[in-house]
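Here the protein sequences come in this chain order: A and B. Just so we're aligned: the first sequence equals residues 10 to 356 in this note's numbering. Just so we're aligned: the second sequence equals residues 10 to 356 in this note's numbering. Every residue gets a Cβ at the ideal spot worked out from N, C-alpha and C, and that includes glycine. For reference, the structure is listed below as structure tokens.
Protein chains: 2
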Amino acid sequence: MRTVDWQNNAVRLIDQRVLPGRFEVIDYTDYRELAKAITEMVVRGAPAIGAAGAFGMALAAQQSAARGRDGLLNDLAQAKAVLDAARPTAINLSWATNRVMTLAGHLVLPNPDDIRSAVLAEAQKIADEDVEINRRMAMHGAALIADGDTVLHHCNTGALATVDYGTALGAIRMAHEQGKRVHVLVDETRPRLQGARLTAWELKQLGVPFDLIADNAAGHFMYTGQVQAVFVGADRVAANGDVANKIGTYKLAVVAKENSVPFYVVAPTSTVDPSVPDGTHIPIEERPMDEVLGLETHGERVAPEGITARNPAFDVTPNRYVTAIVTENGVVRPPYGEGLRRAVRNV
Amino acid sequence: MRTVDWQNNAVRLIDQRVLPGRFEVIDYTDYRELAKAITEMVVRGAPAIGAAGAFGMALAAQQSAARGRDGLLNDLAQAKAVLDAARPTAINLSWATNRVMTLAGHLVLPNPDDIRSAVLAEAQKIADEDVEINRRMAMHGAALIADGDTVLHHCNTGALATVDYGTALGAIRMAHEQGKRVHVLVDETRPRLQGARLTAWELKQLGVPFDLIADNAAGHFMYTGQVQAVFVGADRVAANGDVANKIGTYKLAVVAKENSVPFYVVAPTSTVDPSVPDGTHIPIEERPMDEVLGLETHGERVAPEGITARNPAFDVTPNRYVTAIVTENGVVRPPYGEGLRRAVRNV
Chain A
10 MRTVDWQNNA VRLIDQRVLP GRFEVIDYTD YRELAKAITE MVVRGAPAIG
60 AAGAFGMALA AQQSAARGRD GLLNDLAQAK AVLDAARPTA INLSWATNRV
110 MTLAGHLVLP NPDDIRSAVL AEAQKIADED VEINRRMAMH GAALIADGDT
160 VLHHCNTGAL ATVDYGTALG AIRMAHEQGK RVHVLVDETR PRLQGARLTA
210 WELKQLGVPF DLIADNAAGH FMYTGQVQAV FVGADRVAAN GDVANKIGTY
260 KLAVVAKENS VPFYVVAPTS TVDPSVPDGT HIPIEERPMD EVLGLETHGE
310 RVAPEGITAR NPAFDVTPNR YVTAIVTENG VVRPPYGEGL RRAVRNV
Chain B
10 MRTVDWQNNA VRLIDQRVLP GRFEVIDYTD YRELAKAITE MVVRGAPAIG
60 AAGAFGMALA AQQSAARGRD GLLNDLAQAK AVLDAARPTA INLSWATNRV
110 MTLAGHLVLP NPDDIRSAVL AEAQKIADED VEINRRMAMH GAALIADGDT
160 VLHHCNTGAL ATVDYGTALG AIRMAHEQGK RVHVLVDETR PRLQGARLTA
210 WELKQLGVPF DLIADNAAGH FMYTGQVQAV FVGADRVAAN GDVANKIGTY
260 KLAVVAKENS VPFYVVAPTS TVDPSVPDGT HIPIEERPMD EVLGLETHGE
310 RVAPEGITAR NPAFDVTPNR YVTAIVTENG VVRPPYGEGL RRAVRNV
């Protein structure tokens, strides 16, 4: 099943907070509840929350009692503001809600029910396109992986981070499906442990050989020559190629460059934000400190009571550490400005 | 109380596996049980396991049924082999057992009980000296911390990692006691979480302001200019200044250098191993994979069943990333070869 799907007039999400211990799905019929689910990371991963946001707009259209076009557009604009605020760093969320909103605004249909149908169709299209885009990225990314490579991977960028298939993990998966022998070192990715919980779960099912490692160990494996490439996803790519991604990506990228290990970012063009000139302008979400003070997803307290934590959920990797950015429209290499513009326009 | 102490013919250790949830001590009267406790990290931290090893030799002397000098020396040599094998990376362990063994070998006392007494006295001396040495290191290290600094710290190097006071954390503690305003960013230090569990517990008691962070976040704070210095300890320093320390240290050091943040290693001269020309010759302990597959100390499983992990407990930081090595005999700066030789000889 898809990570994000529309089923019986509801948005169905795989609850990623309880994996791999339990596989549960939750249906949402209220866009506000869906926004809360995005904030609480029932669904996470930039492309997945993009699709979730688009379906959230379809929910809002369905919930709206408006009998006219203007009333419905007003309700949709309100829903968009709520959905966009659910998580600030990944641009895919507002990219998707923008796309739905723009379509709705351009429609000259007098009957609001026709607009409701069109909004749902556009959300469905965004979700369907995501699967197709992931496969195209995976083709480009897999070409960068050689038979016998050990690849280091951070966070989760697989089927669970997208509608299906995955971005960086999609490239690894496709290399495996092409018959290349690929071994993956899976960063556990504190504090939310997306690597230990989600990537390990996906790779196990796919039969891709891997070892889980503490994030701290990644440098040791690179320095001792055991890693041929690093593959990560992205939550937002600035116009100059600076990359906001899961906290810890920056450290990995610096150490990869120091050891001449190629550092690849796999992200759809919907993750590129041309309005942001460089990474310093990307908002960095700081999440609840409980995620660091304990094993938040398991309710286990580790640290002493009565202390504080800092918990930035993302960091920015300057473009000089990025070997290439793999999009559905091809592999972009430095200098990134013009290459990213061409990739976004697909020319 | 001291982290490692001799009480009523037993070695008394604070059980560091259960902190900060519980404060418990365990008494050991069998050196083999003590060696097991070192392996299982009831006690950890290079200087602390050095003192524990020395007291282990005193236990072995006490346990020995030998009625003559040669028999006792033979039993001590056997015990030394068992104790040294408890953990391979930190050199302080064999440094301390060597010191006790050398003393015992040089004694020309005919009565083995006199040798037993001398062995215990030497172990006690090693423990007492450790406290004094830590204070001297802390004085040198505190001078490198300015009023208002935010200092990043990895693993635990406090009183719990030594007999008392601490190495890198000792320097931070002394700067605080000198009235400097110091803020500490505490790496939680996966997989064993010595930062979240032990360093946080110590700093809270000392009243030093700090925030706990995921190891992944350290790069973000350095890149955004929020860190003035990194302070770490060491498990073994090669003759050329390469430093083996807790896994993750290497990543920190590379990122610190990239951001022009000074990277200080605080370690007694007993951590310097002149027999090892560079870091490539330092054995790196790989610990049980359960530490990575779950929150080992809390018995919590995180990752899916049936998968594997890699768990190197240490990494090597090449000397080019180290701004200075702070010893009890002064601050050594590059090039390290001659400086470390002089520090060890205290000339």
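Contact annotation: the segment 286-297 of chain A touches the segment 317-330 of chain A, with at least three C-beta pairs closer than 8 Å. Pairing A170 (chain A) with L43 (chain B), the inter-Cα distance amounts to about 47 Å. Think of a sphere of 8 Å around the beta carbon of W15 (chain A): no beta carbon from chain B falls inside it, the nearest being about 29 Å out. If you ignore the 5 residues before and after V27 (chain B), its C-beta comes within less than 7 Å of the C-beta of E33, all in its own chain and listed in chain order. Cβ-Cβ separation between F323 (chain A) and T98 (chain A): approximately 5 Å, consistent with a contact (criterion under 8 Å). Judged by DSSP secondary structure, A253 (chain A) falls within the beta strand (DSSP E) whose first and last residues are 252-255. Under a criterion of Cβ atoms nearer than 7 Å, no residue of chain A is adjacent to R350 (chain B); the nearest Cβ is some 26 Å distant. Within chain B, no C-beta atom comes less than 9 Å from the C-beta of L169 (chain A); the nearest is roughly 13 Å away. V356 (chain B) and L349 (chain B) have their alpha carbons spaced roughly 10 Å apart. Here T326 (chain A) carries a strand assignment [DSSP, helix/strand/coil]. Per DSSP, D122 (chain B) is not a residue of any beta strand (DSSP E); the alpha helix (DSSP H) it occupies stretches across 121-151. For G228 (chain A), the neighbours in chain B by C-beta distance under 8 Å run, in chain order, G257, Y259, K260, V263, D324. Taken through DSSP and simplified to helix, strand or coil, D220 (chain A) comes out as strand. The beta carbon of L85 (chain B) sits closer than 8 Å to the beta carbons of M66, A69, A70, S73, V109, M110, A113, V128 from its chain, once the five residues preceding and following it are set aside; these are given in chain order. Among the CB atoms of chain B, one or more fall inside 7 Å of the CB of P313 (chain A). B:Y259 is the residue among B:I47, B:Y259, B:A177, B:D220 whose C-alpha sits nearest the C-alpha of V325 (chain B). From the beta-carbon of P297 (chain A), no residue of chain B is found nearer than 7 Å; the closest lies around 13 Å away. Rounded to the nearest whole angstrom, the C-alpha separation of I23 (chain B) and L178 (chain B) is 18 Å. A227 (chain B) is positioned such that its CB atom lies no closer than 7 Å to that of V274 (chain B). For the 7 Å CB-CB criterion, D139 (chain B) and P56 (chain B) form a contact.
Contacts with chain B at 7 Å (Cβ-Cβ) include E267 (chain A). With respect to L194 (chain B), F230 (chain B) sits close: the two C-beta atoms are nearer than 7 Å. Taking C-beta separations shorter than 7 Å and ignoring five residues to either side along the sequence, the partners of N338 (chain A) in its chain run T278, A352, N355, following chain order. The way I'd put it, the segment 183-193 of chain B doesn't touch the segment 39-54 of chain B; fewer than three beta-carbon pairs between them come closer than 8 Å. Listed in chain order, the non-local C-beta contacts of I58 (chain A) below 7 Å within the same chain comprise I47, V52, R96, A99, N101, L102, local neighbours out to five positions each way being set aside. With distances taken between CA atoms, N268 (chain B) lies nearest to B:G234 out of B:G234, B:D251, B:V281. One Cα belongs to V236 (chain B), the other to V270 (chain B), and the distance between them is close to 7 Å. The C-beta distance from L221 (chain A) to A312 (chain B) rounds to 6 Å, short enough to fall under 8 Å. Residues of chain B with a Cβ closer than 8 Å to the Cβ of R319 (chain A) are, in chain order, L194, D220, L221, I222, A226, F230.
Take the alpha-carbon of T176 (chain B) and the one of R329 (chain A): they are about 36 Å apart. In summary, H185 (chain B) is buried, with 16 or more beta-carbon neighbours lying within 10 Å of its beta-carbon over all protein chains present. For G157 (chain A), the CB contacts under 7 Å within the same chain, skipping 5 residues up- and downstream, are R190 in chain order. Between A238 (chain A) and A105 (chain B), the alpha-carbon positions lie close to 42 Å from each other. Beta-bridge analysis with DSSP links G179 (chain A) to no other residue. Counted as a single uninterrupted DSSP element, the alpha helix (DSSP H) harbouring A67 (chain A) occupies residues 55-72.
L302 (chain A) and A205 (chain B) have their C-alpha atoms spaced approximately 7 Å apart.
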